[in-house]
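Colleague: In the working numbering, the protein residues as written are 67 to 317.
The structure follows.
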Ligand code: DGL
């Protein structure tokens, strides 16, 4: 495999662009191919088997385009498919998980809110994480929340209404951290932060990108520092979906 080959990255849609942005900043010498499976979004309300099958189709597409490694820029697809995909393919597959571990360091006597898709929260991987780092954690499945990002709607009244219903029971509690356990929610930091201005919002994006760097270094596939980086965006959702992805990449 060639060190100059691209890194494939995918999500059910545009959420993974938040990971891509972090990856470009951290590894500017790399070429990235990002695939948003918008046609099949959301993944978070689908059965695990379907998410695995959809993820495999995307991984095959990224392999066909010469990817040297794949980042699953989606907590839901990681939970449903990463272990099986790693058993099926030889090259590095980097996944993500809700950042309960770093959030647990902030927990004292209040609560930590963990926001993720229903699929992620129902998964085995989350149960394991929760048993290790779940003290004080309230898990909040958020069906319908990623769709705001897909519509490019980061500041609408409808979004505020959704969040206000979600957070109503916790407004009088001491919220020590909020885990953004879905890559789409990273684009909603401003809207979410407005409800809890003092509370740190924690995502797993930087940790994922660091892990990507480590894995590529281990297998000697990091692009040389003087290589020319770049990004190709692809989507199963056509031009409208690509436009949303491009706009999020620019923010
Ligand atoms: N962005 C995805 C995640 O991190 C999932 C959104 C969805 O398709 O439901 O979980």
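Every residue gets a Cβ at the ideal spot worked out from N, C-alpha and C, and that includes glycine.
With residue 230 as the anchor, note down where its alpha helix (DSSP H) starts and where it stops.
Modeller: Position 164 of the chain shown, counting from 1, holds the residue named residue 230. Unbroken alpha helix (DSSP H) run through residue 230: 223-233.
Colleague: In chain order, what are the residue ranges of uninterrupted alpha helix (DSSP H) at least 4 long that sit wholly in the stretch 118-175?
Modeller: Whole alpha helix (DSSP H) segments, 4+ residues: 149-154, 166-170.
Colleague: If we ignore side chains and look at the alpha-carbon of each, how far apart do residue 118 and residue 143 end up?
Modeller: Position 52 of the chain shown holds residue 118. Position 77 of the chain shown holds residue 143. Cα-Cα distance, rounded: 7 Å.
Colleague: Could you work out which residue in 137, 257, 188, 295 is closest to residue 228 when comparing CA atoms only?
Modeller: For the purposes of this step, residue 228 is taken as the residue at position 162 of the chain shown. Comparing Cα-Cα distances from residue 228 to each of 137, 257, 188, 295, the minimum goes to 257.
Colleague: Which whole runs of the beta strand (DSSP E) in the stretch 277-303 are 3 residues long or more, in chain order?
Modeller: With a minimum length of 3 residues, the continuous beta strand (DSSP E) runs that stay inside the stretch 277-303 are 296-301.
Colleague: Are the C-beta atoms of residue 183 and some chain C residue less than 9 Å apart?
Modeller: Looking at the structure shown, chain C is missing, and only one protein chain is on hand.
Colleague: Quick check on residue 198: does DSSP put it in helix, strand or coil?
Modeller: For the purposes of this step, residue 198 is taken as residue 132 along the chain shown, with counting starting at 1. Residue 198 falls in the helix class under three-state DSSP.
Colleague: Any heavy atom of the ligand DGL inside 8 Å of the beta-carbon of residue 108?
Modeller: By 1-based counting over the chain shown, the position of residue 108 is 42. Yes, since a heavy atom of the ligand DGL falls inside the 8 Å radius drawn around the Cβ of residue 108.
Colleague: Provide the residue span of the beta strand (DSSP E) that contains residue 75, from first to last.
Modeller: The count along the chain shown starts at 1 and reaches residue 75 at position 9. 73-77 is the extent of the beta strand (DSSP E) around residue 75.
Colleague: Rounded to the nearest angstrom, what separates residue 309 and residue 97 at their Cα positions?
Modeller: Stepping through the chain shown from its first residue, residue 309 is reached at position 243. Stepping through the chain shown from its first residue, residue 97 is reached at position 31. If I take the Cα positions, the gap works out to 20 Å.
Colleague: Counting pairs of beta carbons, one from the stretch 150-165 and one from the stretch 206-213, are three or more of them closer than 8 Å?
Modeller: The stretch 150-165 is not in contact with the stretch 206-213.
Colleague: Does the beta-carbon of residue 78, which I'm using as the reference point, lie nearer than 8 Å to any heavy atom of the ligand DGL?
Modeller: Indexing the chain shown from 1 puts residue 78 at position 12. It does: the Cβ of residue 78 is within 8 Å (strictly closer) of some heavy atom of the ligand DGL.
Colleague: If contacts are defined as beta-carbon pairs under 8 Å, then residue 267 and residue 244 qualify, I think. What distance do you get, rounded to the angstrom?
Modeller: Translated into positions along the chain shown, residue 267 becomes position 201. Translated into positions along the chain shown, residue 244 becomes position 178. The pair is a contact, with the Cβ atoms about 5 Å apart (cut-off 8 Å).
Colleague: Below 8 Å, can you find three or more Cβ-Cβ pairs linking the stretch 161-174 to the stretch 287-295?
Modeller: No, because fewer than three Cβ pairs between the stretch 161-174 and the stretch 287-295 fall closer than 8 Å, the two stretches do not touch.
Colleague: Quick one: what's residue 207 bridged to in DSSP?
Modeller: In the chain shown, counting from the first residue as 1, residue 207 sits at position 141. According to DSSP, residue 207 bridges with 182.
Colleague: If the criterion is Cβ atoms closer than 9 Å, does the pair residue 271 and residue 298 meet it?
Modeller: Position 205 of the chain shown, counted from the first residue, corresponds to residue 271. Position 232 of the chain shown, counted from the first residue, corresponds to residue 298. Not in contact: residue 271 and residue 298 (Cβ atoms no closer than 9 Å).
Colleague: Would residue 145 pass as a contact of residue 190 if the rule is Cβ separation under 9 Å?
Modeller: Walking along the chain shown from the start, residue 145 turns up at place 79. Walking along the chain shown from the start, residue 190 turns up at place 124. Yes, Cβ-Cβ distance for residue 145 and residue 190 is below 9 Å.
Colleague: Using C-beta distances below 7 Å, list every residue in its chain close to residue 218, excluding the 5 sequence neighbours before and after it, in chain order.
Modeller: Mapped onto the chain shown, residue 218 falls at position 152. Cβ neighbours of residue 218 beyond the five flanking positions: 310, 313.
Colleague: So the beta strand (DSSP E) residue 241 belongs to, where does it begin and stop?
Modeller: Here residue 241 refers to the residue found at position 175 of the chain shown. Per DSSP, residue 241 belongs to the beta strand (DSSP E) from 241-246.
Colleague: Quick one: what does DSSP say residue 102 is sitting in, helix, strand or coil?
Modeller: By 1-based counting over the chain shown, the position of residue 102 is 36. Correct three-state label for residue 102: strand.
Colleague: Assuming the contact rule is C-beta atoms closer than 8 Å, residue 108 and residue 78 should be a hit. Round their C-beta distance to whole Å, please.
Modeller: Here residue 108 corresponds to residue number 42 of the chain shown, with the count starting at 1. Here residue 78 corresponds to residue number 12 of the chain shown, with the count starting at 1. Contact holds; Cβ gap of about 6 Å.
Colleague: Assign residue 267 to one of three DSSP states: helix, strand, or coil.
Modeller: The residue you call residue 267 lines up with position 201 of the chain shown. It is a strand residue.
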